[in-house]
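Step one of this worksheet: look at the structure below.
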Amino acid sequence: MARTTLDTAALAHDLRLAVMRFSRRLRNQRVDTSVTLTHLAALSTLKRHGAMSPGELAAHERVQPPSMTRVVVALESRGLVTRTPHPTDGRQVVIDLTAAAEELLTEEVRAREAWLAGRLQELSAEDRTVLREAAVIMEKLASG
Numbered sequence: 009m010a011r012t013t014l015d016t017a018a019l020a021h022d023l024r025l026a027v028m029r030f031s032r033r034l035r036n037q038r039v040d041t042s043v044t045l046t047h048l049a050a051l052s053t054l055k056r057h058g059a060m061s062p063g064e065l066a067a068h069e070r071v072q073p074p075s076m077t078r079v080v081v082a083l084e085s086r087g088l089v090t091r092t093p094h095p096t097d098g099r100q101v102v103i104d105l106t107a108a109a110e111e112l113l114t115e116e117v118r119a120r121e122a123w124l125a126g127r128l129q130e131l132s133a134e135d136r137t138v139l140r141e142a143a144v145i146m147e148k149l150a151s152g
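The numbering used here runs 8 ahead of the 1-based position in the sequence shown.
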């Protein structure tokens, strides 16, 4: 096997582990642990893409519609989403965020970014520059 292939495989291994650990640490900075990560993901999708049907939300989250129905019921019971009739299809409903959900998402982001900003302050200016460049590269990897 060529040296480049071995280096690439080792980098892939190290990067995968680092990203998983980093992601776990960020997830641990939760504000409200009574809301599951699945629920937060659904709320975040609604925030990013706007109101949609449960089927559309399931497709975005890559889960089966019955699973998303259970998520929507739980979120609605917590006052985090509303259901309104679909404007053109009487068989459908549209799911949207409530003000409480918007506030929860804002607090979740704020807590995680505050933790991360604190950790970044502990690094040297050079390390922060490297991470700034790495963030661009990681975004390329994620979108490709």
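In this text, a Cβ means the ideal position worked out from N, Cα and C, and glycines have one as well.
Cβ-Cβ distance between LEU83 and MET76 below 8 Å
For LEU83 and MET76, no; Cβs fall outside 8 Å.
Between the alpha carbons of ALA67 and SER132, how many angstroms are there, rounded?
Their Cα atoms are separated by approximately 42 Å.
N-terminal and C-terminal residue of the beta strand (DSSP E) that VAL102 is part of:
Counting along the chain, the beta strand (DSSP E) containing VAL102 begins and ends at 101-105.
Which value, in whole angstroms, describes the spacing of the CA atoms of THR16 and PRO73?
Between the alpha carbons of THR16 and PRO73 lies a gap of roughly 39 Å.
Outcome for SER151 when other beta-carbon atoms lying within 10 angstroms are tallied against a minimum of 16
With fewer than 16 other Cβ atoms from the protein chains shown falling within 10 Å of its own Cβ, SER151 counts as exposed.
Could you check how far apart the C-beta atoms of LEU45 and ARG33 are, in whole angstroms? I think they sit under 8 Å.
Their Cβ separation, rounded to whole angstroms, is 14 Å, which puts LEU45 and ARG33 out of contact at 8 Å.
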